[in-house]
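Let me begin by presenting the structure, written as structure tokens, before commenting on it.
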Amino acid sequence: MKIQVGIPKGSLQEATIQLFARAGLNVYTNGRSYFASSNDPEIDCMLIRAQEMARYVEHGAIDVGITGLDWVLENGLQVATVANLFYNKQSRGRGVRWVLAVPEDSSYCNAEDLVGRIIATELVNVTRDYFSGKGVPVQVEFSWGATEVKPPMLADAIVEVTETGSSLRANRLRIIDTVLESNTQIIANQKSWREPCKRRKIENLALMLQGAIEAQGRVGLMLNVRKQDLDKVLNVLPALKKPTISTLSDDAWVAVNTIIEEATAWDVIPRLKAAQAQGIVEYPLNKVVV
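Numbered according to our numbering, the sequence shown terminates at residue 290, and the numbering increases by one at each position without gaps.
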């Protein structure tokens with residue numbers, strides 16, 4: 001049994017391949033080829049644009065794919081949602097927004113102000129549904145890219161994806177509403193999802209990818225402390241959950257093992273030392289399966 005996995009080609013490609021590697025699945029690409037192999041003999045990969053991923057998953061050309069909720073909704077196709085993956089090309093733990101943006105010096109304040117105006121976007125169907133739901137007639141035009149530069153000469157407003165809003169601000173655009181909040185998803189072909197062997201493989205892939213995302217930006221801490229000082233140490237630790245406490249051969253001491261955000265280690269470790277912790281070890285994490 002083999003499963004075909006679709007990896008998004010483009011801005012998310014490198015981040016996705018790195019995520020797979022942290023999960024333990026190395027993906028080997030070859031120059032300009034759209035086909036890729038992996039270190040799992042049961043998994044082959046293809047590079048496919050995220051905008052088209054749901055179509056090929058629905059048709060069964062690939063069993064499982066990585067794409068955005070936005071493109072699943074835009075294409076209106078029937079696929080199984082396996083898991084949400086909250087990562088993107090810049091950060092962990094948050095998705096992206098498709099926003100309605102207008103020139104910063106325009107008088108537009110909300111969607112209702114755009115009656116009869118031209119809206120440029122890649123997300124045509126979702127944008128049409130958004131304005132239709134508000135009862136606002138507009139002309140939605142497909143944008144092939146560089147959407148931010150179109151207002152005010154080529155369009156009156158745009159619906160564009162953003163993580164931080166910096167590109168919109170750089171092009172003197174102002175956000176007036178959020179059209180859709182989206183995140184990366186694992187989607188599967190419905191027939192493949194019903195096959196027990198393929199489903200188990202897909203579920204294991206999702207488990208490991210989610211574990212790699214959970215570990216990103218976090219580190220493990222191990223330390224020893226006298227029982228009489230344990231409460232002081234625990235008050236310092238911002239644990240993912242309750243830290244693991246183990247007895248040592250010396251009954252007066254215990255070992256503490258926990259997970260913290262890597263950015264907090266600079267502050268936490270000196271405070272642990274001041275709380276009488278000893279033998280403090282910080283170590284990297286590959287996966288955190290919760």
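Note that the Cβ used here is the ideal one computed from N, Cα and C, for glycine as well.
Keep in mind the model is a prediction, meaning the values are calculated, not measured.
Buried or exposed: where does E42 fall if 16 or more other Cβ atoms within 10 Å of its Cβ makes it buried? Numbered from its first residue, the sequence shown carries residue 42 at position 42. That one is exposed.
Classify S91 as helix, strand or coil using the three-state DSSP reduction. Numbered from 1 along the sequence shown, position 91 holds the residue referred to as residue 91. Unreliable positioning characterises S91 in this predicted model, as indicated by a pLDDT of 49, which lies under 50. A coordinate reading is not provided.
Tell me where the alpha helix (DSSP H) around W193 begins and ends. Here the question's residue 193 lines up with position 193 in the sequence shown. First-last of the alpha helix (DSSP H) with W193: Q190 to R194.
Within a Cβ cutoff of 7 Å, which residues of the same chain sit near A206, ignoring the five residues on either side of it in sequence? Residue numbering aside, residue 206 sits at position 206 when the sequence shown is read from its first letter. The beta carbon of A206 lies closer than 7 Å to those of V82, A83 and I186 in the same chain, with the five residues before and after it left out.
D44 and L25 closer than 8 Å at C-beta: Taking the first residue of the sequence shown as 1, we reach residue 44 at position 44. Taking the first residue of the sequence shown as 1, we reach residue 25 at position 25. Not closer than 8 Å, so no.
Would you mind giving the Cβ-Cβ distance between Y34 and M46, rounded to the nearest angstrom? I have them listed as a contact below 8 Å. In the sequence shown, counting from the first residue as 1, residue 34 sits at position 34. In the sequence shown, counting from the first residue as 1, residue 46 sits at position 46. Rounded, the Cβ-Cβ distance is 6 Å, consistent with contact.
Does the stretch 172-188 come close enough to the stretch 93-102 to have 3 or more Cβ pairs within less than 8 Å? Counting C-beta pairs with one atom in each stretch, the stretch 172-188 and the stretch 93-102 have three or more that are closer than 8 Å, which means they touch.
Can you tell which of N235, Q51 and R32 has its C-alpha closest to the C-alpha of A274? Residue mapping note: residue 274 aligns to position 274 of the sequence shown, counting from 1. A274 has its Cα closest to that of N235, out of N235, Q51 and R32.
C-alpha gap between V179 and A21, whole angstroms: Residue 179 sits at position 179 when you count from the first residue of the sequence shown. Residue 21 sits at position 21 when you count from the first residue of the sequence shown. Straight-line Cα distance between these residues: approximately 33 Å.
So is N189 buried or exposed if we call it buried at 16+ other beta carbons inside 10 Å? Against the sequence shown, residue 189 aligns to sequence position 189. N189 comes out buried.
Could you name the residues of the same chain whose beta carbon sits closer than 6 Å to that of I17, not counting the 5 residues immediately before and after it, in chain order? On the sequence shown, residue 17 is found 17 positions in, with the first residue counted as 1. These residues qualify, in order along the chain: V27.
Rounded C-alpha distance that separates S182 from P8: Start at 1 with the first residue of the sequence shown, and residue 182 comes out as number 182. Start at 1 with the first residue of the sequence shown, and residue 8 comes out as number 8. Note on geometry: alpha-carbon atoms of S182 and P8 lie some 15 Å from one another.
Put R169 into one of helix, strand or coil per three-state DSSP. The residue you call residue 169 lines up with position 169 of the sequence shown. Here R169 sits in helix by DSSP.
On the DSSP bridge list, what partners appear for N39? Residue mapping note: residue 39 aligns to position 39 of the sequence shown, counting from 1. Note: N39 sits in no beta bridge, so no partner.
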